[in-house]
Amino acid sequence: MTNLTNLSPAEFRHLVRTGDFTSSTSGYCPGYTQANLVIVPQRYAYDFLLLAQRNPRPCPVLEVSDAGSRGLTNFATDVDLANDFPKYRVYRGGELSEEVTSVERLWQNDFVSFLIGCSFSFEAELLAAGIEVRHITEGVNVPMYNTNLPLQGAGALHGNMVVSMQPIPASQVAKAVEVTAAMPRVHGAPIHVGDPASLGIKDLFQPDYGDPVTIKDGELPVFWPCGVTPQNAIMQSKLPLVITHAPGHMLITDVLNADLKGNG
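Written out as structure tokens, the structure reads:
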């Protein structure tokens, strides 16, 4: 495989598009925004947009495509939404039907695509602040968990929030909050620190999505709202057909993380 260290986002997307990269995108093209994906038929697009507007922490919308378009206007130019995510999940009737590396054969002219902010975008900021990102260190996907926190529903859509978790030394938690609070368009500050049971999480070492990571003595589990939340809503709402990214397998965009700081 091509050396991935110095690839531009466009070059990285080309590798994905040709099937030469199908793994988690965590740690690649550092400094560039990564995005989650939700694709729905146009008749459900307003409901999803309203769900995101009512739940901006787990579902921060970065961009919405035109109906039927596989391209974007703002976050990437040379992009094919049917092929540029390393893995996709296809849900039918709320059930996970298949996981594939391309959805070109499934594409419909009424599909509307939503790019959702991703916590991978603030990993480089945490690292720059001297905070270890454990799943990068261990070479695995970030652990993600379903919670008991209900979303504010919209039309046909309802569900619970999904969170991602980073173990962070107690002495660095305040710094992690400060760093991520500056990036509300990619989930912002943590939603909870320290007590997984209060979120309905029974076992940190059995995540609902992604992989478990080591938690060392003196570290606290820190939880952020997660862009996998729409997948929980899709399963609970049982829409006939929805396509998402596979957790951890994001689109790497042309936009710098620094450009997402603040609310602009």
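Residue numbers (my numbering): -10 to 253.
For glycine and all other residues, C-beta sits at the position ideal for the given N, C-alpha and C.
Fair warning: this is a prediction, and the values are worked out from it, not measured in the lab.
Asked, Found
"Does the Cβ-Cβ distance between residue 125 and residue 25 come in under 7 angstroms?", "no"
"Nearest to residue 96 by alpha carbon, out of 4, 29, 150?", "29"
"Only counting the same chain, and skipping five residues up and downstream in sequence, which positions put a Cβ closer than 6 angstroms to that of residue 110?", "22, 23, 175, 246"
"Thinking C-alpha only, which one of 37, 157, 167, 168 is nearest residue 183?", "157"
"By DSSP, does residue 91 sit in helix, in strand, or in coil?", "coil"
"Does the Cβ of residue 73 have 16 or more other Cβ atoms within 10 Å, making it buried, or fewer, making it exposed?", "buried"
"Pick out whichever of 199, 201, 127, 143 has its Cα sitting closest to the Cα of residue 34.", "143"
"Beta carbon of residue 145, beta carbon of residue 226: below 7 angstroms?", "yes"
"What are the complete beta strand (DSSP E) segments, minimum 3 residues, inside the stretch 133 to 212?", "133 to 139, 149 to 158"
"Look at the Cβ atom of residue 151, then the Cβ atom of residue 135, and state whether they are nearer than 7 angstroms.", "yes"
"List, from N- to C-terminal side, the beta strand (DSSP E) runs of 3 residues or more that fit wholly inside the stretch 223 to 248.", "231 to 234, 240 to 245"
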